[in-house]
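Residue numbers (the working numbering), protein chains in the order written: chain F, 133 to 593; chain D, 526 to 631.
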């Protein structure tokens, strides 16, 4: 029997690996998700013969599975596309929490003197799982705007976090070495939860994707550690796969933002940012703005328009309005394209998903490398709620926090229409010289309303 | 070190290398779906959760088991469904044929 179970776990592991492989190419991505889900079903089915149910055990598994399945399905189905990043944070957090609880429950079984090979991975799983749970909940709250998205900092924060981490390590060693007090695990869990919160609050809302990815990798490792405690092959392999691929993905994500991971995590960003704003200080400079009618005429008589969508478009749910404007323009013979920055929106790839939802044809979505040389031939660059990704400071101002980040060359277009809610700086918290440029016209307002106004103006032109 | 632990360590180390290798060429537009997909895979902790919940016989283990199973199921189900919802949007955009430098209409 154990042979069959082990073989089934092996099949599941192969399916997970193959699923990940498929998920990393656009062609097979959706199938990759099914492949991985199939692996999960096989792993779960193979586990059933290992179970020795008590009556209570049967009841709580049934209740837990039903609640979890309903919450998971409804949550994932009902959530708006713009809110998907925080949903991923939430699902990641509960996984981390589950890993920690599994480790606690397993350790309680061993009583006062658990063997080292059991207690070491369990303590690891409790700490990392709890940090991941608490951190993910803070990331969720920040993205859902239940709390402020700006970094929360106070003097000596790094020292406090360092001490907290040291306390956890010390406590963990004590638990592993002495292991006489079963409920000491719960105190350890509590400390780790506090660290999770303390770790994430100083990181800005714009960096949450990288944080979620990192916590995702952490949950993977916590799951693998629980696998060592339970001597379960499926948990070890699947958890480690996620831990490793999640770590690499975290690095790839921060690379795409032109930042180092350490820079994202340890608040260096905030410090540079104060210096840069002080230096740049745009007070008193004037901007041009124009009426919807003027801009509608400008757009209607252009030959080539490149739309640069950003997070402002995503929050305003303006992707459908953007497509409507593009349709109206195309009917007049205007060439329309969308320039997608790798980190446009809240997460890498997020903007592609939103525009695809509005049925924007794939051929019109241009990645940065494809489109950057086209800007100089464009009559209008229409910037909808984007900011940092078109900030020329990334090219020209060493010392700016975004210096060196690859940007879209919107400044090279003949005209630039900058649609924004206000003059407020973007996530990076720095001014954008492009707004004050001679070719730039500001058009203030909610992205969706503004686009709708432009649609009528183009129709009237 | 027992044989079992030695085997487990072997799987652990090999899985690290496979995990790095398997996603090393992912394009930026798939970062979010991939993160969400790996997120669903660590929902495998549900296997661990049902293993500890099945034998629950005291109030403490009953409570721990119930919470663990609920959280883990949410992770698995929500993770796969939300990933599928993201990837649903990519349909019909067959092989990312980058129009080999499409002629720029002047």
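Glycine included, each C-beta is placed from N, C-alpha and C at the ideal position.
Model, not experiment: these values are computed from the prediction.
Chain D residues whose Cβ lies nearer than 9 Å to that of residue i
i	result
residue 479 of chain F	556, 557, 560
residue 238 of chain F	573, 576, 577
residue 270 of chain F	The contacting residues do not exist; residue 270 of chain F stays about 17 Å from chain D at best.
residue 316 of chain F	Within chain D, no residue comes near residue 316 of chain F; the closest Cβ sits about 14 Å away, beyond 9 Å.
residue 184 of chain F	579, 580
Closest residue to residue i among the options (Cα-Cα distance)
i	options	result
residue 340 of chain F	F/393, F/517, F/275	F/275
residue 139 of chain F	F/177, F/345, F/297	F/177
residue 235 of chain F	F/373, F/260, F/215, F/475	F/260
residue 352 of chain F	F/291, F/212, F/256, F/507	F/256
residue 293 of chain F	F/333, F/134, F/213	F/333
residue 542 of chain F	F/211, F/470, F/183, F/364	F/470
residue 500 of chain F	F/529, F/291, F/540	F/540
residue 539 of chain D	F/430, F/589, F/593, F/369	F/369
residue 597 of chain D	D/585, D/607, D/574, D/587	D/574
residue 533 of chain F	F/563, F/513, F/579, F/253	F/563
residue 508 of chain F	F/487, F/485, F/544	F/544
residue 156 of chain F	D/564, D/571, D/558	D/558
residue 316 of chain F	F/385, F/331, F/300	F/300
residue 73 of chain F	F/309, F/154, F/536	Summary: the structure shown does not reach residue 73 of chain F, with chain F confined to residues 133 through 593, and so no result is reported for it.
residue 154 of chain F	F/445, F/452, F/319, F/164	F/164
residue 391 of chain F	F/365, F/431, F/338, F/347	F/338
residue 479 of chain F	F/395, F/226, F/216, F/318	F/216
residue 272 of chain F	F/374, F/329, F/379	F/329
residue 529 of chain D	F/144, F/250, F/148	F/250
residue 448 of chain F	F/233, F/428, F/518	F/518
Partners in chain D for residue i, counting only beta-carbon separations shorter than 8 Å
i	result
residue 365 of chain F	533, 536
residue 179 of chain F	572, 575, 576
residue 503 of chain F	In chain order: nothing, as chain D lies at least about 10 Å away.
residue 204 of chain F	598, 599, 600, 601, 602, 603, 604, 606
residue 462 of chain F	By Cβ distance, chain D contributes nothing, its closest Cβ being about 13 Å from residue 462 of chain F, past 8 Å.
residue 176 of chain F	571, 572, 575
For residue i, the three-state DSSP class (helix, strand or coil)
i	result
residue 415 of chain F	Here the model assigns residue 415 of chain F a pLDDT of 47, short of 50, so the residue's position is not dependable, and the following value carries that caveat. Here residue 415 of chain F sits in coil by DSSP.
residue 513 of chain F	strand
residue 467 of chain F	strand
residue 436 of chain F	strand
residue 79 of chain F	With chain F covering only 133 through 593, there is no way to say anything about residue 79 of chain F.
residue 472 of chain F	strand
residue 423 of chain F	coil
residue 533 of chain D	helix
residue 274 of chain F	helix
residue 582 of chain F	helix
residue 398 of chain F	coil
residue 406 of chain F	Reliability of the predicted coordinates at residue 406 of chain F is poor, the pLDDT of 42 falling under 50, and the value obtained from them is presented with this limitation in mind. Looking at residue 406 of chain F - three-state DSSP - the assignment turns out to be helix.
residue 497 of chain F	strand
residue 564 of chain F	coil
residue 550 of chain D	coil
residue 574 of chain F	strand
residue 551 of chain F	strand
residue 158 of chain F	coil
residue 253 of chain F	helix
residue 441 of chain F	strand
residue 282 of chain F	coil
residue 595 of chain D	helix
residue 133 of chain F	coil
residue 322 of chain F	helix
Cross-chain neighbours of residue i in chain F, by beta carbon under 7 Å
i	result
residue 600 of chain D	223, 226, 227, 230
Residue i: contacting residues in chain D (beta-carbon distance under 7 Å)
i	result
residue 474 of chain F	553
residue 153 of chain F	547
residue 385 of chain F	556
residue 165 of chain F	562, 605, 608, 609, 612
residue 216 of chain F	607, 611
residue 192 of chain F	578, 581, 587, 590, 591, 594
residue 489 of chain F	614
residue 348 of chain F	560, 563, 564
residue 484 of chain F	554
residue 208 of chain F	603, 606, 607, 610
Chain F residues whose Cβ lies nearer than 9 Å to that of residue i
i	result
residue 528 of chain D	Neighbours of residue 528 of chain D on chain F: none; closest Cβ ~11 Å, over 9 Å.
Open item on the list: I want to know whether the region 352-359 of chain F touches the region 161-175 of chain F - three or more CB-CB distances under 8 Å.
Closed with: no
Task: Meets three-Cβ-pair contact criterion under 8 Å: the region 570-580 of chain D and the region 185-196 of chain F - done: yes
Open item on the list: Assess contact between the region 440-447 of chain F and the region 462-469 of chain F, defined as three or more Cβ pairs (one per stretch) separated by less than 8 Å. Is contact present?
Closed with: no
- [ ] Return the chain-ordered ranges of every alpha helix (DSSP H) run that is complete within the region 173-229 of chain F and spans a minimum of 4 residues.
- [x] Taken in chain order, the whole alpha helix (DSSP H) runs of length 4 or more contained in the region 173-229 of chain F are 187-210.
TODO: Count the CB pairs spanning the region 289-304 of chain F and the region 361-377 of chain F that are closer than 8 Å, and state whether there are at least three.
DONE: no
Open item on the list: Could you tell me which whole alpha helix (DSSP H) segments of length 4 or greater appear in the region 328-385 of chain F?
Closed with: 340-362
Task: Three-pair Cβ contact test at 8 Å for the region 443-456 of chain F versus the region 574-583 of chain F - done: yes
Task: Touching by the beta-carbon criterion (3+ pairs, under 8 Å), the region 509-518 of chain F and the region 419-439 of chain F - done: yes
Task: Inter-stretch contact at 8 Å, needing at least 3 Cβ pairs: the region 564-571 of chain D / the region 223-240 of chain F - done: yes
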